[in-house]
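Numbering (full-length UniProt numbering), first residue to last: 1 to 88.
Positions of the beta carbon are idealized from the N, C-alpha and C atoms, including for glycine.
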């Protein structure tokens, strides 16, 4: 299920991240003197994120060994008890 929102870079210490139907969160983008400065989006690695469409997703957990270990656990649970689906 996709959620839609808007992040307004407003030159303040914290800027509102509004997620429709969920709520408003105070957030920031950028580093140091360039934090939440709308005119500094062209400064890579220092300025705030430029305007655009972004997806917020979960980070992958662990390295290859922990993924293989989890796959083996899921395989045994699926075979013995119930199907495991991590696509939720």
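query: How big is the Cα-Cα spacing for residue 28 and residue 80?
result: So the alpha carbons of these two residues sit roughly 46 Å apart.
task: Ignore the nearest five residues each way along the sequence and tell me which others in residue 41's own chain have a CB closer than 6 Å to its CB.
output: 47, 48, 50, listed in sequence order.
- request: Would you list the residues sitting across from residue 9 in a DSSP beta bridge?
  value: Paired residue(s): none; residue 9 is not in a bridge.
- prompt: In whole angstroms, what is the alpha-carbon distance linking residue 64 and residue 73?
  reply: 14 Å
message: Quick check on residue 54: does DSSP put it in helix, strand or coil?
response: coil
message: Just to confirm the assignment, what range does the beta strand (DSSP E) spanning residue 19 have?
response: 15-19
- prompt: By the 10 Å Cβ neighbour count, where 16 or more other Cβ atoms means buried, how is residue 35 classified, buried or exposed?
  reply: buried
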